[in-house]
Each structure stands twice: as structure tokens, then as C-alpha cells.
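Before any comments, here is the structure.
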Amino acid sequence: MAGLGTRLLPATKSQPKEMLPVARKPIVQYVAEELVKNQIENMLFVTGRGKTSIENHFDSDVDLMRLLTDGKKEDLLDELKFEEMAAHIFYTRQRVQRGLGDAILCGEVFAGENPFVVALGDSILGMNGSSMCVTRMSDLFTSLRASCVIAVEEVPLEETCHYGIVDPGEGEGDWVRIRNLVEKPDPASAPSRLAVAGRYAFSPIIFDMIRRVKPDKRGEIQLTDAIQLLCDEGKRVIALKLPKQDKRYDIGNFPSYFETFVEFALADPLYGPDLKRRLQELLRE
Ligand code: G1P
Numbered sequence: 617m618a619g620l621g622t623r624l625l626p627a628t629k630s631q632p633k634e635m636l637p638v639a640r641k642p643i644v645q646y647v648a649e650e651l652v653k654n655q656i657e658n659m660l661f662v663t664g665r666g667k668t669s670i671e672n673h674f675d676s677d678v679d680l681m682r683l684l685t686d687g688k689k690e691d692l693l694d695e696l697k698f699e700e701m702a703a704h705i706f707y708t709r710q711r712v713q714r715g716l717g718d719a720i721l722c723g724e725v726f727a728g729e730n731p732f733v734v735a736l737g738d739s740i741l742g743m744n745g746s747s748m749c750v751t752r753m754s755d756l757f758t759s760l761r762a763s764c765v766i767a768v769e770e771v772p773l774e775e776t777c778h779y780g781i782v783d784p785g786e787g788e789g790d791w792v793r794i795r796n797l798v799e800k801p802d803p804a805s806a807p808s809r810l811a812v813a814g815r816y817a818f819s820p821i822i823f824d825m826i827r828r829v830k831p832d833k834r835g836e837i838q839l840t841d842a843i844q845l846l847c848d849e850g851k852r853v854i855a856l857k858l859p860k861q862d863k864r865y866d867i868g869n870f871p872s873y874f875e876t877f878v879e880f881a882l883a884d885p886l887y888g889p890d891l892k893r894r895l896q897e898l899l900r901e
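Mapping to this note's numbering: the sequence shown position 9 is 625, numbers consecutive.
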């Protein structure tokens, strides 16, 4: 789930940013595959106006399969294997764009009394979505009896204004307790350089907190404010530091989208080596 994608106009004028390709696949496919690898069995996509192509992407396309089989292009059938994804997929629509907190509220009935994971559709974790951090988050959630576990990564100080930033307390190894959380602070007032990295594990108590949050200046219900309420109530809110190999690829703006595309394309076993040669030539010109 994510917002309107205005930072990626005109590319996102008539398609959701989650459907932009990174190398061979749309971003949302990497995210879904990462979740499946992390044993998530039921997935709810919170979509909205203009995002039906996400649903089309995950449908089984029998006509296309027949076309490929009849045209003796069976090898391409492998590219559609993801349609058999080992997860139940559900969709709901956020009827009005009222921010990330409100989008999560759309999943309340789906989650029921169960803890759940939130994955933002504009972040890929690890090369080709290889991160197992959601599994680690779920383990920590249980062992620390937490109300919330958030994946965080260290960002340069001048970038704190793009992320939710954590005020860290006590911890052990790869996790720390979160005392406070600030949405997009200036570097001068940022409590640390630990940025919220687009994956969260929640107890359903978060829904009550979201309902208590007042809309911000833009009329949006910030998830960060709801998590701050958890901290204020003395609940255990934990930050899990992403391991080095789990680099976060942010697709929310052009510079990092371009970088991500190039890095993933270079890692493509078939097309990567030629692309590398071509890039080296271009850079020499
Ligand atoms: C959202 C969250 C922010 C988080 C970021 C990660 O912001 O509000 O706390 O750090 O995602 O991608 P957005 O990028 O939607 O403005």
C-alpha cells in the first residue's frame, strides 16, 4: 500500500507506482514474493483509485498461458509461475486517500484479533526482495511480547526529513526499544539516524491508536502518530536494525528508483553482464 505517487509523475499518472518495473518485474511482485518467502499466508492489498492493474497482475491469465503454449513459447510460462503464489490474496480499497494510518485501518476486519505485518509497496528489501527480516520481526514480536516491531535502517543525517525517525532506548544485538517516533524531522531535531524502513509487525491494538490520531495539516492520518501513542501508553515498541545485506530499495522518488533499476538489472543473470559492459562504455564516452 502507498500513497498517490506524485513524486514520480508523469510515470505514475495512469499507473500505480507499485506497478513500475524494476528490471523484469513490477515492484509489487518483489514485495509479495518477499512476504511469501517469509511464510505470510494471507495477504491483503490495500489499493485505491487507479490501482486495479495490481489485481490484474496477480490474476491467473489463462488466455496468455494458452497463447504461450500454442506458440511454442513454453519457456516463458516460467515467468508466470508467480501466479501460483503460495498465499491467499485479498484486496480492499481505501476509498479516500487519508494517509497510511487510515489505509491500515482498512485491514481491521481482515486482521481480526491476530497480529499482522504491514509492508509498504514502495520499498523492496534486499536484492530481488531476498530479505528475511519479516521472519525475524515476527520472532521478536513474540519473544519480546511486543505491540509493534518496526524494521529500521541507518540513513545519512540530511535524509531524516524523508522518513519516520526513531528515538532509541535500551536494546540488545540487532534490536532496540523505541521511546519516541517522529515523522520526517529536520536533521537538527532528528533523535537519531534510524529510519522506519517500510515493514512493521503490529498487534491489533494499533487500530484503536489509529482511531485516536488527529489528521495532520494535509488531512492525513499518520501511522507514525499512532505508533507514538503506543509508546506513550508504555507498550513495547521495538526497532529491528536491518542487516547489511538487506539494503532497502526505495522506489518513492526518481533518484533511488533509477539506482534500484540499474542495480537489479545489473544483477540479472541473463542481461546483467551485457548491460554492465554497455554502461562502462557509456561512462567512458
Ligand atoms: C512512510 C512513513 C515513514 C517511513 C516511510 C518508509 O512515508 O510515513 O515513516 O519512513 O514510509 O518508506 P512516505 O514515504 O509514505 O511519505
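Even glycine gets a Cβ: it sits at the ideal position worked out from N, Cα and C.
Minimum C-alpha distance to residue i - residue among the options
i, options, result
"S819", "M753, S808 and D832", "M753"
"L839", "E657, D694, G715 and E897", "G715"
"S763", "R864, A855 and D832", "A855"
"E775", "D824, D755 and D866", "D866"
"A782", "D790, G789, E770 and E788", "The sequence given here has Val at residue 782, not Ala. V782 has its Cα closest to that of E770, out of D790, G789, E770 and E788."
"E724", "F874, E879, Q844 and M825", "M825"
"L636", "I740, V734, M681 and F726", "I740"
"H778", "A811, V750 and G737", "A811"
"Q710", "L624, T668 and K629", "T668"
"I720", "D790, D890, S747 and A817", "A817"
"E799", "C749, G789 and A813", "A813"
"N902", "D802, F823 and L760", "Residue numbering for the chain in the displayed model covers 617 to 901; residue 902 lies beyond these limits and cannot be assessed."
"D802", "P772, E650 and I705", "P772"
"P642", "T876, E657 and K830", "T876"
"R852", "W791, V878 and M659", "W791"
"G789", "A735, A648, L898 and K857", "K857"
"D841", "A735, F732 and N796", "N796"
"G717", "L736, S630 and L625", "L736"
Buried versus exposed, by CB contacts within 10 Å (16 or more), residue i
i, result
"A804", "exposed"
"P871", "exposed"
"F661", "buried"
"A618", "Here A618 scores only 44 on pLDDT, less than 50, and its place in the model should not be relied on; the value that follows carries that caveat. By the 10 Å Cβ count, A618 comes out buried."
"Q896", "exposed"
"D679", "exposed"
"E901", "exposed"
"A627", "exposed"
"D694", "exposed"
"G780", "buried"
"G728", "exposed"
"G745", "buried"
"E836", "buried"
Alpha-carbon spacing of residue i relative to residue j, whole angstroms
i, j, result
"C722", "L692", "36 angstroms"
"P807", "G687", "59 angstroms"
"M743", "D862", "7 angstroms"
"P859", "L683", "43 angstroms"
"A883", "F874", "14 angstroms"
"G664", "T708", "8 angstroms"
"G787", "R793", "6 angstroms"
"Q655", "E634", "22 angstroms"
"I766", "T758", "13 angstroms"
"S676", "E699", "6 angstroms"
"G888", "P632", "26 angstroms"
"V652", "F880", "20 angstroms"
"C749", "R761", "17 angstroms"
"R902", "N869", "This structure leaves residue 902 out entirely; the chain is present only between 617 and 901."
"K689", "H673", "20 angstroms"
DSSP beta-bridge partners of residue i
i, result
"G787", "V792"
"M659", "I705"
"L856", "A767 and W791"
"A735", "R815"
"G717", "DSSP lists no partner for G717."
"Y646", "In DSSP, Y646 forms no bridge with anything."
"E836", "DSSP, once it has assigned bridges, lists no residue as partnering E836."
"V638", "K641"
"V750", "Bridge partners of V750: none, in fact."
"V678", "In the DSSP output, where bridge partners are listed per residue, V678 has none listed."
"E849", "E849 is not bridged to any residue."
Distance cut-off 7 angstroms: residue i Cβ against heavy atoms of ligand 3
i, result
"T622", "In terms of ligand content, the structure shown lacks ligand 3 and carries ligand 1 instead."
C-beta neighbour in chain C for residue i, strict 8 angstroms
i, result
"Y707", "Absent from the structure: chain C. Only one protein chain is present."
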